[in-house]
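Using the numbering used here, the final residue of the first sequence is 632, and nothing's skipped along the way.
Where a beta carbon is used, it is the ideal one built from N, C-alpha and C, also for glycine.
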Amino acid sequence: MRVATWNVNSVKQRVPRLLPWLDQRQPDVVCLQETKLTDVAFTELLGAQLAERGYEVALAGQAQWNGVAILSRVGLDDVVVGVEGAPGFPDPEARAVAATCGGVRVHSLYVPNGREPDSDHYRYKLSWLAALRDVVKAGPGEAMLCGDMNIAPTDADVFDPAAYVGQTHVTAPERAALTELQALGLHDVVRERWPSERVFTYWDYRAGMFHQDLGMRIDLMLASAPVAGRVAAAWVDRHARKGTGPSDHAPVIVDLDEAPDGDIGPVVPPPSSRGPRKGVKLPQAK
DNA sequence: ATGTCAAAAAGGTTTTGA
347 MRVATWNVNS
357 VKQRVPRLLP
367 WLDQRQPDVV
377 CLQETKLTDV
387 AFTELLGAQL
397 AERGYEVALA
407 GQAQWNGVAI
417 LSRVGLDDVV
427 VGVEGAPGFP
437 DPEARAVAAT
447 CGGVRVHSLY
457 VPNGREPDSD
467 HYRYKLSWLA
477 ALRDVVKAGP
487 GEAMLCGDMN
497 IAPTDADVFD
507 PAAYVGQTHV
517 TAPERAALTE
527 LQALGLHDVV
537 RERWPSERVF
547 TYWDYRAGMF
557 HQDLGMRIDL
567 MLASAPVAGR
577 VAAAWVDRHA
587 RKGTGPSDHA
597 PVIVDLDEAP
607 DGDIGPVVPP
617 PSSRGPRKGV
627 KLPQAK
């Protein structure tokens with residue numbers, strides 16, 4: 347099962363990049379953030395084209411800002427919009443949707459930006475993360491938190507730690523909130539796969555930042571242990587940040603091996619019942 | 001020039017958010 351997350355920075359503007367990307371990468375589950383559309387407008391824009399590709403869609407949108415979605419072609423059950431108990435700013439914002447897809451509780455998350463440390467928006471971010479932790483804690487054991495966390499977990503996740511001192515995304519309270527979330531048993535599967543590589547998911551549009559690879563890793567896929575143990579690949583699709591009309595974020599893609607209990611998808615028959623493969627010479631009986 | 005992009009209200013540009 348291939349799961350991806352992508353902050354598209356307006357799904358309306360990104361249609362010419364999103365549809366070819368779906369066709370090329372063939373993700374089974376896609377978490378989108380910053381769709382910036384109401385659910386009605388999203389469905390009018392993409393409903394038919396996603397259905398054609400076999401995706402069911404769970405939406406938590408609003409006009410103009412924010413907006414998240416989950417696309418799935420491996421089932422989409424028990425959809426929950428929002429984070430129970432989370433604050434608004436001051437009204438609730440469209441920042442979370444969860445669904446069970448292929449046996450995994452998938453969360454598409456757009457964590458508040460925080461703007462300035464110690465601002466109202468920053469406090470909102472921290473409260474929102476605390477509420478998210480409580481929801482995940484009460485949830486099932488097979489879970490993936492996917493999305494734009496607006497936090498760089500460590501200094502290795504920003505191009506120049508000195509340039510970010512005193513700015514949001516890197517402060518100790520934000521990192522502590524992320525650590526508390528991960529303390530529920532979640533694995534940062536991209537960092538675990540690439541422990542000492544330069545890996546970014548976001549590059550500012552300005553000043554040729556992408557071209558110089560001056561970015562941040564703020565889009566994360568956090569998997570509970572049973573899911574993390576199935577990770578076959580985990581990577582950032584930098585190609586999607588190139589070319590004409592990209593988002594300022596690249597997608598993150600994680601491939602999961604089949605669940606060990608085999609309740610995901612069709613059971614492959616054992617080799618003995620499948621007969622010889624083409625081109626394989628069997629010993630001849632005499 | 002915060003070397004850009006996107007949305008919306010206004011307005012043919014400015015404000016807000018990232």
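query, result
"Alpha carbon of Gly493 to alpha carbon of Leu364, nearest angstrom", "16 Å"
"Span of the beta strand (DSSP E) around Val504", "Neither: Val504 is in no beta strand (DSSP E) and is coded neither H nor E."
"Complete runs of the beta strand (DSSP E) confined to the region 441 to 527 [at least 3 residues]", "442 to 447, 450 to 456 and 489 to 494"
"Pick from Arg576, Phe388, Ala596 and Ala580 that is closest to Gly449, judged by C-alpha positions", "Arg576"
"Top-ranked residue by Cα proximity to Gly413, from Gly421, Ala397 and Ala442", "Ala442"
"Runs of alpha helix (DSSP H) lying entirely within the region 391 to 415, each at least 4 residues, in chain order", "none"
"Bridge partner(s) assigned by DSSP for Tyr548", "Met562 and His595"
"Short Cβ contact (9 Å threshold) for Leu405 with Ala415", "yes"
"Beta-carbon proximity of Met490 to Leu568, cut-off 9 Å", "yes"
"Distance between His585 and His595 (C-alpha atoms, nearest Å)", "11 Å"
"Bridge-paired residues (DSSP) for Asp601", "Arg348 and Ala579"
"Nearest-angstrom Cα separation, counted from Arg360 out to Gly591", "7 Å"
"C-beta contact flag for Tyr456 and Glu538 at 9 Å", "no"
"Three CB pairs or more closer than 8 Å across the region 551 to 564 and the region 466 to 483", "no"
"First and last residue of the uninterrupted alpha helix (DSSP H) at Val536", "Val535 to Arg539"
"C-alpha distance - Ser618 paired with Met347, whole-angstrom precision", "Bear in mind that the predicted position of Ser618 carries a pLDDT of just 48, short of 50, making it unreliable; the figure below should be weighed with that in mind. Roughly 25 Å separates the two Cα atoms."
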